[in-house]
Every structure is written in structure tokens, then in C-alpha cells.
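For the sequence shown, the positions run 1 to 76 when UniProt numbering is used.
Ideal Cβ positions, reconstructed from N, Cα and C, are used throughout, including at glycine.
Since this is a predicted model, take the numbers as computed values, not measurements.
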Amino acid sequence: MSGRKSIALGRFDCTAPGDYEVLCLDPDKIRSSFLLEVSPHISAIKFLPLILGTIASFGMAGGGLIFMVVWIAGKI
Numbered sequence: 001m002s003g004r005k006s007i008a009l010g011r012f013d014c015t016a017p018g019d020y021e022v023l024c025l026d027p028d029k030i031r032s033s034f035l036l037e038v039s040p041h042i043s044a045i046k047f048l049p050l051i052l053g054t055i056a057s058f059g060m061a062g063g064g065l066i067f068m069v070v071w072i073a074g075k076i
């Protein structure tokens with residue numbers, strides 16, 4: 001099975017935009033066909049409200065759908 005795999009190579013503190021040079025200390029992990037993508041780290045404290053909000057919104061949408069079906073059926 002082939003596909004793209006993410007390997008965390010380290011932490012980069014890039015507070016300002018610009019050209020950065022990344023040196024590989026472990027060449028066994030890097031191949032010439034690898035693509036390097038530097039993405040911002042999002043802490044769990046900032047990400048958790050998004051997950052909880054998504055779960056709550058699906059719950060409210062599902063509850064509203066059930067309420068609407070029961071209301072249309074004349075049970076309320």
C-alpha cells in the first residue's frame with residue numbers, strides 16, 4: 001500500500017516570514033523524493049473547543065431533525 005506519510009522531523013520556531021534553511025541531522029529519514037512541508041503547530045488547548053463545538057453542532061442538528069420529524073408526524 002503506497003501513499004503519503006507524515007514524519008515529524010522536529011520543531012521549528014519561525015516567528016517571522018522569510019527564507020529559512022533546514023538542515024537534516026538524520027539522513028536516513030530523508031530521501032530525494034520527500035517533500036518538506038512546514039505547518040503551524042496548533043496546541044490542544046486551542047483545538048479542543050473546535051472539536052467540542054463540532055460535536056455540539058452535530059448534536060443540535062440531529063436533535064432538530066428528530067424534533068421536526070416528530071412535529072410533522074403530529075406527535076407533539
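Residue i and residue j closer than 7 Å at C-beta
i          : j          : result
residue 38 : residue 12 : yes
Closer than 7 Å to chain B by CB, residue i
i          : result
residue 21 : Here there is only one protein chain, and chain B is not present.
Collapsed DSSP secondary structure at residue i in the structure displayed
i          : result
residue 42 : coil
residue 17 : coil
residue 7  : coil
residue 33 : coil
residue 74 : coil
residue 23 : coil
Cβ-based neighbour list, residue i, same chain, cut-off 7 Å, excluding 5 preceding and 5 following
i          : result
residue 65 : none
residue 1  : Model confidence at residue 1 stands at a pLDDT of 44, short of 50, so the residue's coordinates are unreliable; what they give is reported in the following sentence. For residue 1, where only same-chain residues beyond five positions count, there are no Cβ hits under 7 Å.
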